[in-house]
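J.: My questions all concern the structure below.
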Amino acid sequence: MTTSTKDYSKYFQPPSYTDAKKRGKEEIEVHYDFSIPEELREIGKDKHYLIQTYGCQMNEHDTETIKGLLEQMSYRPTEDRKQADIILLNTCAVRENAEDKVFGELGHLKKLKLEKPSLILGVCGCMSQEEGVVNRIMKKHPFVDLIFGTHNIHRLPALLKEAMFSKEMVIEVWSKEGDIIENLPKKREGIKAWVNIMYGCDKFCTYCIVPYTRGKERSRRPDDVIAEVRDLARQGFKEIMLLGQNVNAYGKDFEDIEYRFGDLMDDIRKIDLPRVRFTTSHPRDFDDHLIEVLAKGGNLVEHIHLPVQSGSNAILKRMSRKYTREHYLELVRKIKAAIPDAVLTSDIIVGFPGETDEQFEETISLVKEVGFDMAFTFIYSPREGTPAADMEDDIPYEVKQARLVRLNDTLNVFSKASNERLKGQTLEVLIEGESKNNPNVLAGRTRTNKLVHVEAPKELIGQFVHVHITETPTFYIKGDWVKEPVAEASQA
Ligand code: SAH
Ligand code: SF4
Ligand code: F3S
């Protein structure tokens, strides 16, 4: 399956909209027998690796797997590019500017590669699943040694060996996606742990590249997920984040059992681990049973990231989001009724092809109606191969930019107001580390994921503390450390 630059086209199957949509029900194979061959376990002895990660938490977590693999091959981490013997760019393809960053970086790395020809330079992640990107790297950045896709991570040991001994670029990108490899090593750091519950996406929103770069939806078996979460609890992690492009579709692909995301959350709720988060929820599959389970609270935190993308039914339809504004608002109403403290955040796209001023205003009015605490906002970016890229788009870029500013201004009013409501309250905060700009100030998160700054001793990093909130700027909140230790019970 590995190949050189010359005949790569036989092996590289680019994402195709029509083929991908034909996705069948073929068996998902779960493999439990992964291991690194004996002869590759010392291959990285006295050598160093550096990985630069772009994109979402799925990619961040893949990087942990790649680190785990490299360390089992005796490589050690470094932050210093000059010391590195292997540099990997784990890339994101979701918007054009994500790709631009990577091409810019490749330009910089060329110099390093010329200075140190033994350096192995690799590109992996979502960009490597795109044919146009692979072609561009082959033409303009032929000094790259290795390209591997999102379904080929477990093949890294063999590919790396090949790249070391081959004079030509080694490319392995599978569009085959039916498999789940269970026991890959993972190098987790810190106090929070990511856990994949499913891979891929079958939603095919018309603007989005992810169903092509990540393949079809496939859920990990409940026993495997629960065993991993139990193990993380035993290791002392304070928070886990369950990951999937559309976690509400969890279990839809099981043919032998009726077990969905609500069931999984109900089981994970019983595990002794202080905080459990999940991302991302798709509004269409968010069912009543899940709301019922989340309302039980405990370690299930009251923060729900629920991307709406647009407040206009016409745009939602052309995005193929498969819900309406009314459905979304009804879902929000149900969530708020069942979980009164729930904090909702979202993703919103402005300037989708043909979005009129009136349609944009519907997004603004939806934002006001829901009162999101925060939202990630984006200007639509055409992605080659997706249906929206072929839609007529007559909205000038400046108009799109102005809409983004207006949307952010609207959102900030709500972020600030929701922060102000916390003034005077004492909140449970998990201290994550030093704050970005001031090492004397620690930064942590509330259950609702609000960023909190507090002056307190560094020994508290990794601990739960209580903070009395005194100041509430827009993007974080600030307060005084309340010295009484946090009771175990309130952590759970
Ligand atoms: N699976 C997640 C999101 C994955 S991508 C979900 O469905 O919510 C994260 C966000 O990037 C999306 O929610 C969307 O708002 C944004 N996005 C995806 N494709 C985009 C594009 N082509 N242009 C602009 N924003 C995009
Ligand atoms: Fe992309 Fe839509 Fe899938 Fe999210 S649900 S990853 S936006 S196709
Ligand atoms: Fe980007 Fe791939 Fe995530 S395209 S957003 S890294 S799934």
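In this text, residue positions in the sequence shown follow our numbering: the first is 438, and each later residue adds one. No residue lacks a Cβ here, since even glycine has one placed at the ideal position from N, Cα and C.
Comparing C-alpha positions only, which one of I590, G541, M601 sits nearest to I574?
T.: In the sequence shown, residue 574 corresponds to position 137, counting from 1. Checking every option, the nearest Cα to that of I574 belongs to G541.
J.: Along the chain, where does the alpha helix (DSSP H) that runs through A686 open and close?
T.: On the sequence shown, position 249 is the one that residue 686 refers to. Element bounds for A686: n/a, residue is neither H nor E.
J.: If you check the beta carbons only, do F815 and T782 fall under 7 Å apart?
T.: Here residue 815 refers to the residue found at position 378 of the sequence shown. Here residue 782 refers to the residue found at position 345 of the sequence shown. No. Outside cutoff.
J.: Identify whether T442 lies in helix, strand or coil by the three-state DSSP scheme.
T.: Reading the sequence shown from its first residue, position 5 is the one you call residue 442. Bear in mind that a pLDDT of 44 at T442, under 50, signals an unreliable position, so the number given afterwards is only what the model happens to contain. The answer is coil: DSSP assigns T442 none of H, G, I, E or B.
J.: Does the segment 787-805 come close enough to the segment 839-851 that 3 or more CB-CB pairs lie under 8 Å?
T.: Contact between the segment 839-851 and the segment 787-805 is present, because at least three Cβ pairs lie under 8 Å.
J.: How about S747 and C642: are their beta carbons less than 7 Å apart?
T.: Here residue 747 corresponds to residue number 310 of the sequence shown, with the count starting at 1. Here residue 642 corresponds to residue number 205 of the sequence shown, with the count starting at 1. No, the Cβ-Cβ distance between S747 and C642 is not below 7 Å.
J.: Once you ignore the five residues that flank A825 on each side, which residues in its own chain have a CB closer than 8 Å to its CB?
T.: Mapped onto the sequence shown, residue 825 falls at position 388. Taken in chain order, the residues that qualify are T643, Y644, R755, M756, F789, P790, Y817, P819.
J.: Does the segment 893-905 come close enough to the segment 860-871 that 3 or more CB-CB pairs lie under 8 Å?
T.: Yes: at least three Cβ pairs fall under 8 Å.
J.: Give me, in chain order, the residues of the same chain whose beta-carbon lies closer than 7 Å to that of L680; leave out the 5 immediate sequence neighbours on both sides.
T.: By one-based count along the sequence shown, residue 680 stands at place 243. Result list for L680: Q494, M495, H498, W631, V632, N633, I634, T716, in chain order.
J.: According to DSSP, is W918 part of a helix, a strand, or is it coil?
T.: Here residue 918 refers to the residue found at position 481 when the sequence shown is read from its first residue. Three-state DSSP puts W918 in a strand.
J.: Relative to the C-alpha of L737, which residue among K675, G481, K915 is closest?
T.: As a working note, residue 737 is residue 300 in the sequence shown. Selected option, being the one with the closest Cα: K675.
J.: Just how far apart, CA to CA, sit T823 and Q682?
T.: In the sequence shown, residue 823 corresponds to position 386, counting from 1. In the sequence shown, residue 682 corresponds to position 245, counting from 1. Going by the C-alpha atoms only, they are around 17 Å apart.
J.: Kindly give me the distance between the Cβ atoms of L543 and V581, rounded to whole angstroms, as I take these residues to be in contact under 8 Å.
T.: Translated into positions along the sequence shown, residue 543 becomes position 106. Translated into positions along the sequence shown, residue 581 becomes position 144. About 7 Å separates the two Cβ atoms, so the contact holds.
J.: What are the boundary residues of the beta strand (DSSP E) that includes Y486?
T.: Locating residue 486 in the sequence shown gives position 49, counting from the first residue. Where Y486 is concerned, the enclosing beta strand (DSSP E) stretches over 485-490.
J.: Anything with a beta carbon under 6 Å from a heavy atom of the ligand SF4 counts; list them all in chain order.
T.: The set, ordered by position in the chain, is C638, K640, F641, C642, C645, V647, P648, Q682, N683, H719.
J.: I believe T521 touches L556 by the beta-carbon criterion, under 8 Å. Please report the beta-carbon distance rounded to the nearest angstrom.
T.: Here residue 521 corresponds to residue number 84 of the sequence shown, with the count starting at 1. Here residue 556 corresponds to residue number 119 of the sequence shown, with the count starting at 1. Residue 521 is actually Ala in this sequence, not Thr. Indeed they touch by this definition, with Cβ atoms about 7 Å apart.
J.: Return the first residue and the last residue of the alpha helix (DSSP H) that V730 is part of.
T.: Locating residue 730 in the sequence shown gives position 293, counting from the first residue. Start and end: 725-731.
J.: Tell me the DSSP secondary structure of N527 in three-state form.
T.: Walking along the sequence shown from the start, residue 527 turns up at place 90. Strand, per DSSP.
J.: For Y834, which of helix, strand or coil comes out of DSSP?
T.: Counting from 1 along the sequence shown, the entry for residue 834 is found at position 397. In the structure shown, Y834 sits in a helix (DSSP, three-state: H, G or I).
J.: To the nearest whole angstrom, what separates the beta carbons of G637 and R655, a pair I think is in contact under 8 Å?
T.: For the purposes of this step, residue 637 is taken as the residue at position 200 of the sequence shown. For the purposes of this step, residue 655 is taken as the residue at position 218 of the sequence shown. Confirmed, Cβ separation roughly 6 Å.
J.: Hey, how far is the Cα of G627 from the Cα of G734?
T.: Your numbering for residue 627 matches position 190 in the sequence shown. Your numbering for residue 734 matches position 297 in the sequence shown. For G627 and G734, the distance between alpha carbons rounds to 24 Å.
J.: Quick one: using the 10 Å Cβ neighbour count with 16 as the cut-off for buried, is Q796 buried or exposed?
T.: In the sequence shown, residue 796 corresponds to position 359, counting from 1. Looking at its Cβ environment, which holds 16 or more other Cβ atoms inside 10 Å, Q796 is buried.
J.: Exposed or buried, H468, counting other C-beta atoms within 10 Å across all chains shown (16 or more means buried)?
T.: Taking the first residue of the sequence shown as position 1, residue 468 is located at position 31. The residue in question, H468, is exposed, as its Cβ has fewer than 16 Cβ neighbours within 10 Å.
J.: Which parts of the segment 659-703 are runs of the alpha helix (DSSP H), unbroken and 4 residues or longer, counting only runs that do not cross its ends?
T.: 659-672, all fully within the segment 659-703.
J.: Helix, strand or coil for F797? Go by DSSP, reduced to three states.
T.: Taking the first residue of the sequence shown as 1, we reach residue 797 at position 360. Residue state, collapsed to three classes: helix.
J.: Verify whether the separation of the beta carbon atoms of L669 and I677 is less than 7 Å.
T.: Taking the sequence shown and counting its residues from 1, one reaches residue 669 at position 232. Taking the sequence shown and counting its residues from 1, one reaches residue 677 at position 240. Yes, the pair counts as a contact, with Cβ atoms nearer than the cut-off.
J.: Using a Cβ-Cβ cutoff of less than 6 Å, which residues in the same chain neighbour G492 once the five nearest sequence positions on both sides are dropped?
T.: The sequence position of residue 492 within the sequence shown is 55, counting from 1. Result list for G492: C529, in chain order.
J.: Say the cut is 6 Å; is the CB of A530 nearer than that to a heavy atom of the ligand F3S?
T.: The count along the sequence shown starts at 1 and reaches residue 530 at position 93. Within the cutoff, so yes.
J.: Ends of the alpha helix (DSSP H) at R714?
T.: On the sequence shown, position 277 is the one that residue 714 refers to. Segment 712-716 is the beta strand (DSSP E) holding R714; no alpha helix (DSSP H) there.
J.: Taking 7 Å as the CB-CB limit, is P777 close to chain B?
T.: Although the question refers to chain B, the structure presented lacks it and comprises just one protein chain.
J.: Using the Cβ count rule (16 or more neighbours within 10 Å means buried), how would you classify N589?
T.: Along the sequence shown, one-based indexing puts residue 589 at 152. Under this definition N589 is a buried residue.
J.: Using a Cβ-based criterion (distance less than 6 Å to any ligand heavy atom), does T502 qualify as near the ligand F3S?
T.: The residue given as residue 502 occupies position 65 in the sequence shown. Not so, every heavy atom of the ligand F3S lies at least 6 Å from the Cβ.
J.: Let me check you understand the geometry: is the CB of T717 closer than 6 Å to at least one non-hydrogen atom of the ligand SAH?
T.: In the sequence shown, residue 717 corresponds to position 280, counting from 1. Result yes, Cβ under 6 Å from the ligand SAH.
J.: Please tell me whether G699 and H726 are closer than 7 Å, where the distance is taken between their beta carbons.
T.: By one-based count along the sequence shown, residue 699 stands at place 262. By one-based count along the sequence shown, residue 726 stands at place 289. Cβ distance < 7 Å, so G699 and H726 count as in contact.
J.: Flag this pair as touching only if the segment 827-834 and the segment 759-767 have three or more C-beta atom pairs under 8 Å; answer yes or no.
T.: Touching, no, given that fewer than three Cβ pairs across the two stretches are closer than 8 Å.
J.: Where does T909 fall in DSSP's three states?
T.: Counting from one through the sequence shown, the residue named residue 909 turns up at place 472. Three-state result, T909: coil.
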